[in-house]
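Notes follow the structure.
Here is the structure:
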């Protein structure tokens, strides 16, 4: 390959069209270190000669920037990539600031002129660094290796072994490989590596012996550990061998000095960290580390980086308790605080007092705590630290009055001082939260900030407002709690210490989950999970598991709970019962009574655990037919415990706890046949939510709806069924991504089917049939649209008498009839209903007879045939017997009520996914698709055509000329048509037509036409347009093979849902962009699901992949006919019918209308 560019460097990968980082901006920097053998081997063998595409791995015939760094001496050899031509000094300055920056090291920088010079430099480096290995081999042959290591171990560095590992992996010019004097042909590669690893292990042992034998050893232990141990230079098996040697040495030398034991454990911990092996001696190391830090043994002290990598939270916890003997005054020592900070556990010291057992004897714990406050009064910050270790008995006893006396003592130390008062209030809030006294606390500080709180120091004000938010949440006033917390975060700004900032973010995640945005909660908690340690780690994991379960990601929730349980030991053991119970609630979905009977006792004494245990039993009993006497006894105990919990929580004003208890009690009582007891609990839960402003639970409203229908109380039953819409809005109304909660919404599916079974079996009115059918569709989108007010609440409220004939009569057309076909799912069967509305407002409805084919299998077959059909194949993808049966069935059932030219609307069901109903209807009727009755009844009364017309045109980077010409012709046709109509046109095209520009175009246009390619991915529920990214045209391979690289080119339904405003009608040419994934509880996931939140009332788009040159003229014709007539479905149907003779149906009828068909 030429060492300088022979022609202009392209901006995109020639193979897949991806705008690779290696071809844009400053290029890619590759750092090859002498201490990491894999990078050296790659450089020498030519793996770095050319940059490769991040998406398809195609070699790009350009060179990246390369840096080869060497220690002792500190030399950096730089080879600039081709993108640096003419800007070498600029790039060199950047490299100095970045990859070559290593603490206080001074670097000698050399420039290489070619890749071959870099390879030669790497080979020369390897040869130089190999010399200590060669000398050790010679000593081995002479039988003098032990003596040699004793004298020369310092030369056998990580760099030397990295070089040794390179020559055993690849050919290095000028190096002859021998394995301790043996012919390489007689020694296998694995044997050679094993011999090298054995030498490395013995070198580490020599390091320990040297530090053990010589207390006056030159240098520091940290420096030697750094020179000799690095993950990139480990030889296979060396760490394990050395650790085995250390195990024997420690067991044989029971009387080692502190100095020797410290060096041994520091070495052992470093090897464990480098090899990523769990250290069974972690507690020994933590104790020695702590003791050494306390006596400040300068030559032995390790770096903060090594401490963070090797000293665990639990081990340091135990070490501090052992060394200080749990004495409170020792824990207040600032030196121990600094040690915790160094080891990366700054929060440890503040949590230690909670684990101390304080024995008061005859003393009053309140008086002791107050006395301690008085003695610590010289500093306000210490006022709240002092009593923490002593008030645990008050917390355990639920002594709110005693805690308030301690708070008064804190405040009284500086009379009239608002800072002292706020400090006491914040401290008290944290304690009363533990014993569930929200009403009492808020009576003290108020639900809104007091005037003087705005003048408090920002950190203190944030802490106080955090507690106010916590207690509002305990009352069930989650929206108010979130508002207070958001205010605390905003006003606290960067003054909030990192630990408090993490607490604020965690609480915000919890409140977002409880106000209908569990996907946002998961996103925040996943970020917090990375840096969480100690008690915070368990709290983050618990919150994350709950949020994942709400979204229906039960597998991840189980894994998260298992991770939390692994840490719930030692100082964090108190958290285990509720984690175990939560895991049991998830496992209960698989029905294991035996596992529930074996749960540890603590699950019935902890309130949160008891609620989860109730859910576990209820989930389990749903899937089992019989239960033992032992199980019934256990369930009775759980029910009794839940009843007591609810009563106590109501007495204390802890409404959220009471509400949770009732919702666990009701289904469990129902499962064992205690129907009246269950109904009482469900009713109490609903009333409590109503009275205290708690969010309604859809499982509660559905249970009450079913009870109403059983009793024949239709008014009550319908009210509860309609309330389910508001309840699901409370659970999911804040979702940013509907697809994340599809499985989570299914938790109400069983209850919906139960109500549907009752309505259908008892032949209730069609108004009730339509209503339950509507509740089984569009669950998440309806919730989000109700929250954002894009779905009129008043329409839902009108459903309180069912979706009656009077209501659906509003869909009466100006002429002819409209038929709406829908499916209602009972537990064991599916019913199809057709409602017909005349132009005079007359309404008829009837259940449709069953179809003779399996619609699901037929849909799958059609989807596959349509996705693989080409112009070269004879016939039609519709040429299958089952399709003929579908057309015949629709002709009979619809033909009995509709005349030719009337309109059909399909509210699709997942069981018929893939059925092209608009094609089946095409010969006689116009057709459209819709998510449900609410969307149909929310349409504007008289839609108006409005301009301007927006056009977005983006081909693929690899498109053929035929496709590009088709797009260009379509653009020009619509521009010409708009000119004839006197309508303005806005055009965005090419690479610059990115997500931002398409979004703006949609928002500023009355009618939009999007000419691009589509992307559909069923596994991720993706339906998207492929657009530019501002630099390059989209690449299909980039999207398919690399989500990260292709993401910038995707404008998906998720992005469309974020638009404040979108075009009234959108015509899309993108393949399959009219397709919707049917999943969850009747959810339609597609572009229209996103666009309608911004006001789009109809989308015209292909339902499968198309040939642009064939279908775009039909789409353009439909657009023009619609603009002239104002009748959308009729315009689309006429355009399709007017396609040239011989056009196959799969081309002619590729486009369909979703939404408002008028």
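Residue numbers (this note's numbering): 1 to 1158. In this text, a Cβ means the ideal position worked out from N, Cα and C, and glycines have one as well.
Thinking C-beta only, is residue j closer than 7 Å to residue i?
i, j, result
"residue 111", "residue 78", "yes"
"residue 580", "residue 603", "yes"
"residue 237", "residue 197", "yes"
"residue 987", "residue 1024", "no"
"residue 824", "residue 859", "no"
"residue 953", "residue 1011", "yes"
"residue 971", "residue 951", "yes"
"residue 753", "residue 809", "no"
"residue 35", "residue 213", "no"
"residue 32", "residue 60", "no"
"residue 956", "residue 1013", "yes"
"residue 611", "residue 664", "yes"
Mapping DSSP to helix, strand and coil, what is residue i?
i, result
"residue 264", "helix"
"residue 380", "Note that residue 380 scores a pLDDT of 47, beneath 50, so its modelled location is shaky and nothing firm can be said."
"residue 360", "Confidence in residue 360 is poor, its pLDDT being 47 and thus under 50, which makes the residue's placement unreliable; the coordinate value appears in the next sentence. Note: residue 360 maps to coil in three-state DSSP."
"residue 386", "Caution applies to residue 386, whose pLDDT of 49 falls short of 50 and renders its modelled position unreliable; the model cannot decide the point."
"residue 958", "coil"
"residue 546", "helix"
"residue 118", "helix"
"residue 1026", "strand"
"residue 471", "helix"
"residue 137", "helix"
"residue 1", "Confidence at residue 1 is low in this model, with a pLDDT of 37, below 50, so its placement is unreliable and no value can be given for it."
"residue 1139", "coil"
"residue 821", "strand"
"residue 838", "strand"
"residue 789", "coil"
"residue 20", "coil"
"residue 1102", "strand"
"residue 1009", "strand"
On the criterion of 16 or more Cβ atoms from any shown chain inside 10 Å, does residue i qualify as buried, or is it exposed?
i, result
"residue 903", "buried"
"residue 773", "buried"
"residue 821", "buried"
"residue 762", "exposed"
"residue 1181", "Residue 1181 lies beyond the range of the chain shown here (1 to 1158); nothing can be said about it."
"residue 961", "exposed"
"residue 381", "Low confidence applies here, because residue 381 scores a pLDDT of 49, under 50, leaving its location unreliable; read the following figure in that light. Residue 381 should be labelled exposed."
"residue 679", "buried"
"residue 785", "buried"
"residue 16", "buried"
"residue 1029", "buried"
"residue 434", "exposed"
"residue 656", "buried"
"residue 252", "exposed"
Kindly give me the distance between the Cβ atoms of residue i and residue j, rounded to whole angstroms, as I take these residues to be in contact under 8 Å.
i, j, result
"residue 852", "residue 885", "6 Å"
"residue 1225", "residue 862", "The displayed coordinates of the chain run from 1 to 1158. Any statement about residue 1225 would go beyond what the structure contains."
"residue 727", "residue 696", "4 Å"
"residue 557", "residue 549", "4 Å"
Candidates the options: which alpha carbon is nearest residue i's?
i, options, result
"residue 735", "710, 779, 714, 724", "779"
"residue 1103", "703, 1087, 403, 447", "1087"
"residue 684", "643, 710, 792", "643"
"residue 191", "206, 169, 176", "169"
"residue 1099", "807, 1046, 1019, 928", "928"
"residue 424", "435, 44, 436, 411", "411"
"residue 417", "595, 452, 895, 444", "452"
"residue 1121", "977, 310, 1080", "977"
"residue 256", "1089, 288, 273", "288"
"residue 1110", "1089, 1130, 1125, 1136", "1136"
Got a sec: is the Cβ-Cβ distance from residue i to anything in chain D below 7 Å?
i, result
"residue 691", "Looking at the structure shown, chain D is missing, and only one protein chain is on hand."
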